[in-house]
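Structure record follows, encoded as structure tokens.
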Amino acid sequence: MKYAVRKVLTMGVTILVVSFLVFLAFHIIPGDPALAKLGTQATPEQLEQLREEMGLNDPLPVRFVRWLVAFVQGDMGTSYSYQMSVTQMIGEKIPITLTMGMMAFGMMVGLSVVLGIYTAKHNGGVIDRVICVLNQLLMAVPPFFSGILISWGLGLMLHLFVPGSYVSYTKDRGGFFYYLLFPAAAIALPKCAMAAKLLRSSLIEELKKDYIRTAFSRGNTVNGVLYAHALKNALMPVITFWGMALADMLAGSIIVEQVFGIPGMGRILLTSISHRDYPVVQAIIVLIAVWVIVINTLVDLIYKLVDPRIS
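Under this note's numbering, the first residue of the sequence shown carries the number 5, and numbering increases by one thereafter.
Next comes the structure, spelled out in structure tokens:
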């Protein structure tokens, strides 16, 4: 219990520090938010009045506390470009990006466990060597290029889907999930190859240990020893990797969304960066940072539950 409380407190402090650094970065880089909002046709009097209304003339600590309180309450500011609530803009896109990320995570976990166990059981076999070569290839291919190959092979050649024909979840949920299968696969494949290789190596190492030989001496079968004894210990480093991959998938989905024409957080982020729409960019970066911190904290807690010996 103390360990969990300590981790949660650490997570809270980390989120606070990261939020301040992001806020600070967007207020020291060149550019005038008031000018970005009004445009170059604004008069000096109009700019000064808007700066006063936006609180830009206040000290930085005051502005940060005011922004943080509003952010915690769900008010992320107003977009300069779209003149609408950032919370509303992002709220409409989070379900898309989050669903795609969780689908990719599910694919990665399922495939990596199956492939890792199979290759460890058949270490040195022909299929094991073929899978190892494929793993090396997949690890070398970035998700956006996997997305291009999937769009070409499964979309244009096999006609399993129409690239760019995104289906909104508000209109057709079945079509929405089906279309997201392909970008989710593009995100999952490189991570799956890494996780499968890691699990294979970890299992092979575990199967060489003394407690495994003892388990075999008691008459246990290969599958019994593998699933009841070796797998739990072999999963320890893999769980850490899964957590890192889950945290990375949200950020990695930004480019993949562009390949498949998905109107998620990635499209808003790239558009806002090009238009210097700081409130939108700042909110998305803070949310991504919070996502990464929360996932890593949960992984640490799960790690402790799986193996209480770890302090």
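Ideal placement from N, C-alpha and C gives every residue a C-beta, glycine not left out. Bear in mind that the values here come from a model prediction, so they are computed numbers and not experimental data.
Option nearest residue i by Cα separation, candidates the options
i	options	result
D281	S85, T14, V22, Q50	S85
V284	K308, G128, S83, V260	S83
V22	L72, R55, L250, N61	L72
L142	D176, K195, F109, S172	K195
L119	G256, S205, V9, P267	S205
L273	H31, N224, L193, M93	M93
H126	F27, V226, V294	V226
A251	I154, I289, M80	I289
G128	G256, L230, I208, N224	I208
M80	V298, V294, Q286, I306	Q286
L64	F27, Q53, P99	F27
F24	E57, G270, R67, L309	R67
L20	H279, V298, K6	V298
Backbone secondary structure at residue i - three-state DSSP
i	result
S89	strand
T82	strand
G110	helix
P37	helix
K97	helix
T174	coil
L184	helix
Q45	coil
H126	coil
R10	helix
D281	coil
L193	helix
N61	coil
L203	helix
N224	coil
L302	helix
L160	helix
L309	helix
L20	helix
L211	coil
Exposure of residue i, with buried meaning 16 or more beta-carbon neighbours within 10 Å
i	result
I277	exposed
K201	buried
Y182	exposed
T301	buried
I131	exposed
P147	buried
K97	buried
M88	exposed
T101	buried
P4	Past the boundaries of the shown model lies residue 4; the chain is included only from 5 to 315, so the question cannot be answered.
I121	buried
V242	buried
L13	exposed
V69	exposed
G268	buried
A144	exposed
G105	buried
V17	exposed
L239	buried
A74	exposed
V296	buried
T123	buried
L254	buried
A29	exposed
Residue range of the alpha helix (DSSP H) that includes residue i
i	result
D252	235-264
F165	From DSSP, F165 is part of no alpha helix (DSSP H); its letter is neither H nor E.
W71	64-76
A232	Element bounds for A232: n/a, residue is neither H nor E.
Q140	130-144
P147	147-154
D214	214-221
S169	Looking at the DSSP string, S169 is not in any alpha helix (DSSP H), and its letter there is neither H nor E.
L274	269-278
Item to complete: Pair every Cβ in the segment 243-263 with every Cβ in the segment 104-118, then say whether three or more of these pairs are closer than 8 Å.
Response: Yes: at least three Cβ pairs fall under 8 Å.
Practice prompt. Kindly confirm or deny that the segment 229-241 and the segment 210-217 touch, where touching means at least three C-beta pairs closer than 8 Å.
Written response: In this structure the segment 229-241 lies against the segment 210-217, because at least three pairs of beta carbons, one per stretch, are closer than 8 Å.
Item to complete: Would you check if there are 3 or more beta carbon pairs closer than 8 Å linking the segment 125-136 to the segment 173-182?
Response: Touching, no.
Practice prompt. Decide if the segment 259-276 is in contact with the segment 44-62; the criterion is three or more beta carbon pairs, one per stretch, under 8 Å apart.
Written response: Taking 8 Å as the limit for Cβ pairs, the verdict is that the segment 44-62 does not touch the segment 259-276.
Practice prompt. Determine, using beta-carbon pairs with one atom in the segment 185-192 and one in the segment 151-161, whether at least three such pairs fall under 8 Å.
Written response: The segment 185-192 is in contact with the segment 151-161.
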